[in-house]
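J.:
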Amino acid sequence: MQSELRVRLEAVDASRNVHRGYLVQAGRDLFGSWTVQVRYGRIGSPHGAVLNVYAGSEERARRAVMSALRKRMSSPKRIGVPYVVVEAVLPPGDGADAWLPEGMARP
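Each residue of the sequence shown is one higher than the last, beginning at 1492 in the numbering used here.
Put into structure tokens, the structure is as follows:
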């Protein structure tokens, strides 16, 4: 996949033993179709999970990315620690903000 978007989040709180990483990538495959890849797990662990989604169109890819990131925004309620954007590579142009959910801190 040729990545056009990459957002990396981390939730870290040593007192709670929380060290979570979350990476969302979206881009086109060899045939020009959009795919979304989500990787998550404990930071530094080789045993994280990977979820690949065939989106087909850019609009579907945006919805998949927004859905994944929106879920991370609810982390303080779920795990007691907020995720922080540590890296964001957004597509060039005016529509870059359309890939991030409302209320998510921009890098």
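Note that the Cβ used here is the ideal one computed from N, Cα and C, for glycine as well.
Using only CA atoms, which one of Glu1593, Asn1508, Leu1521, Met1557 lies nearest to Leu1461?
T.: Residue coverage of the chain in this structure runs from 1492 to 1598, which leaves residue 1461 outside it and unanswerable.
J.: I'd like the span of the beta strand (DSSP E) that includes Val1575, first residue to last.
T.: What you label residue 1575 is simply residue 84 of the sequence shown in a count that begins at 1. Segment 1575-1580, the beta strand (DSSP E) holding Val1575.
J.: Going by DSSP, what residue range makes up the beta strand (DSSP E) through Ala1546?
T.: What you label residue 1546 is simply residue 55 of the sequence shown in a count that begins at 1. Start and end: 1540-1547.
J.: With distances taken from CA atoms, which of Arg1561, Gly1523, Gly1512 is nearest Arg1533?
T.: As a first step, residue 1533 must be located in the sequence shown, where it is residue number 42. The candidate whose alpha carbon is nearest that of Arg1533 is Gly1512.
J.: Looking at C-alpha atoms only, which residue of Ala1540, Gly1539, Ala1559 is the closest neighbour of Tyr1574?
T.: For this step, residue 1574 is matched to residue 83 along the sequence shown. The shortest Cα separation from Tyr1574 among Ala1540, Gly1539, Ala1559 belongs to Ala1559.
J.: Rounded to the nearest angstrom, what separates Met1492 and Ala1589 at their Cα positions?
T.: Translated into the one-based positions of the sequence shown, residue 1492 becomes position 1. Translated into the one-based positions of the sequence shown, residue 1589 becomes position 98. About 21 Å.
J.: Taking the straight line between their C-alpha atoms, what separation do you get for Ala1552 and His1510?
T.: Residue mapping note: residue 1552 aligns to position 61 of the sequence shown, counting from 1. Residue mapping note: residue 1510 aligns to position 19 of the sequence shown, counting from 1. Using only the alpha carbons, I get a separation of about 27 Å.
J.: Check whether the Cβ atoms of Val1572 and Leu1496 lie closer than 8 Å to each other.
T.: In the sequence shown, the residue the question calls residue 1572 occupies position 81. In the sequence shown, the residue the question calls residue 1496 occupies position 5. For Val1572 and Leu1496, no; Cβs fall outside 8 Å.
J.: Between which residues of its own chain and Asp1520 is the CB-CB distance below 6 Å, once the five residues before and five after are set aside?
T.: Reading the sequence shown from its first residue, position 29 is the one you call residue 1520. Cβ within range, chain order: Met1492, Thr1526.
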